[in-house]
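From first to last, the protein sequence lines stand for chains A and B.
Position one of the first sequence corresponds to residue 1 (our numbering), numbered consecutively onward.
Position one of the second sequence corresponds to residue 115 (our numbering), numbered consecutively onward.
Before any comments, here is the structure.
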Amino acid sequence: DSGVTQTPKHLITATGQRVTLRCSPRSGDLSVYWYQQSLDQGLQFLIQYYNGEERAKGNILERFSAQQFPDLHSELNLSSLELGDSALYFCASSVAGLAGDTQYFGPGTRLTVL
Amino acid sequence: AQTVTQSQPEMSVQEAETVTLSCTYDTSESDYYLFWYKQPPSRQMILVIRQEAYKQQNATENRFSVNFQKAAKSFSLKISDSQLGDAAMYFCAYRSRMTGGTSYGKLTFGQGTILTVHP
Numbered sequence: 001d002s003g004v005t006q007t008p009k010h011l012i013t014a015t016g017q018r019v020t021l022r023c024s025p026r027s028g029d030l031s032v033y034w035y036q037q038s039l040d041q042g043l044q045f046l047i048q049y050y051n052g053e054e055r056a057k058g059n060i061l062e063r064f065s066a067q068q069f070p071d072l073h074s075e076l077n078l079s080s081l082e083l084g085d086s087a088l089y090f091c092a093s094s095v096a097g098l099a100g101d102t103q104y105f106g107p108g109t110r111l112t113v114l
Numbered sequence: 115a116q117t118v119t120q121s122q123p124e125m126s127v128q129e130a131e132t133v134t135l136s137c138t139y140d141t142s143e144s145d146y147y148l149f150w151y152k153q154p155p156s157r158q159m160i161l162v163i164r165q166e167a168y169k170q171q172n173a174t175e176n177r178f179s180v181n182f183q184k185a186a187k188s189f190s191l192k193i194s195d196s197q198l199g200d201a202a203m204y205f206c207a208y209r210s211r212m213t214g215g216t217s218y219g220k221l222t223f224g225q226g227t228i229l230t231v232h233p
């Protein structure tokens, strides 16, 4: 158990819908990362937050948005869902968001878009 | 942009034997970190080992060790005395130490290598 929690574990929804994935980092960690793992794209970095502010951005679609709240939990919002958005979405956290920090991964949220 | 390549989609090993997983990367940077992550069937991503590029000494964690060749941009993982619990997908990953860039925080992953351990 990494100490990072993600809810829900599984999510099944229809095209065009909007969903919210939630992540609670390890106690004491200030930085949160979101990754997408799909069969065709592999593991891709989406976005990083540090203490409530966006720190780095990767291949995140405009239909996707994220935020980190004052209590440090983070949410990833996916809207206008398409079949290709079906994937495993990981949240990871680290102490300070520095390059050398170990990123601890949560168990992931499996999103299925029908 | 940095890229990470794992050229072995699948590998297999007999229990108690040694196996080496390959990884190459492409970067113009001189300072970075390299990682190996393990993803068992549970899908949980677990850090196996990390290497700082500025350190010449290869990292070791119990049965896991790396062969880091900076000039060749190669970073292989050796698993000794393989155990059934080592069966998983293994990912090589790169992380820049360059601060301020838009990709500073990200881990760039390879495609993964599925390791099967035979009893």
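Beta carbons are placed, not taken as given, at the ideal position from N, Cα and C, and that holds for glycine.
Interface flag, residue i vs chain A, CB-CB below 8 Å
i, result
"L106(B)", "Residue 106(B) is absent from the model: chain B starts at 115 and stops at 233."
"R177(B)", "no"
"F205(B)", "yes"
"S136(B)", "no"
"Y147(B)", "yes"
Chain-ordered neighbours of residue i on chain B, where CB pairs are closer than 7 Å
i, result
"Y33(A)", "G219"
Partner residues on chain B for residue i, Cβ-Cβ distance less than 8 Å
i, result
"F64(A)", "By Cβ distance, chain B contributes nothing, its closest Cβ being about 15 Å from F64(A), past 8 Å."
"P107(A)", "S156, R157 and Q158"
"G3(A)", "In chain order: nothing, as chain B lies at least about 12 Å away."
Contact set between residue i and chain A, taken where Cβ atoms lie within less than 7 Å
i, result
"Q225(B)", "G42"
Sub-8 Å separation of residue i and residue j beta-carbons
i, j, result
"A202(B)", "L221(B)", "no"
"F149(B)", "L161(B)", "yes"
"A209(B)", "G108(A)", "Per the sequence shown, residue 209(B) should be read as Arg rather than Ala. The answer is no: Cβ separation not under 8 Å."
"L81(A)", "T20(A)", "no"
"Q6(A)", "R22(A)", "yes"
"L198(B)", "V231(B)", "yes"
"T138(B)", "S188(B)", "yes"
"P233(B)", "E131(B)", "no"
"L72(A)", "G58(A)", "no"
"Y33(A)", "A92(A)", "yes"
"Q165(B)", "A173(B)", "yes"
"V127(B)", "V133(B)", "yes"
Chain-ordered chain A contacts of residue i [CB-CB under 8 Å]
i, result
"L161(B)", "T102, Q103 and Y104"
Partners in chain B for residue i, counting only beta-carbon separations shorter than 9 Å
i, result
"F151(A)", "Shown here, chain A extends from 1 to 114; a query on residue 151(A) therefore has no answer."
Counterpart residues of residue i in DSSP-defined beta bridges
i, result
"Q37(A)", "L43(A) and L88(A)"
"D140(B)", "T117(B)"
"R209(B)", "Y147(B)"
"Y50(A)", "S31(A) and E53(A)"
"Y104(A)", "S93(A)"
"L61(A)", "Answer by DSSP bridge pairing: none, since L61(A) is not bridged."
"K192(B)", "T134(B) and S179(B)"
Neighbour flag for residue i against chain B, beta carbons, 8 Å
i, result
"L88(A)", "yes"
"G16(A)", "no"
"R55(A)", "yes"
"G28(A)", "no"
"Q48(A)", "yes"
"G58(A)", "yes"
9 Å Cβ cut-off: residues of chain A touching residue i
i, result
"S210(B)", "A99"
Whole-number beta carbon distance between residue j and residue i, since they are thought to touch under 8 Å
i, j, result
"G226(B)", "Q120(B)", "6 Å"
"G97(A)", "S31(A)", "3 Å"
"Q236(B)", "L135(B)", "Nothing can be reported for residue 236(B): it is not among the residues displayed for chain B, which extend from 115 to 233."
"F105(A)", "M212(B)", "Not confirmed; about 23 Å, so no contact."
"R18(A)", "V4(A)", "About 24 Å separates the two Cβ atoms, so there is no contact after all."
"V95(A)", "D1(A)", "18 Å between Cβ atoms; not a contact."
"E175(B)", "I193(B)", "11 Å between Cβ atoms; not a contact."
"C206(B)", "G224(B)", "4 Å"
"L111(A)", "S86(A)", "6 Å"
"L78(A)", "R63(A)", "7 Å"
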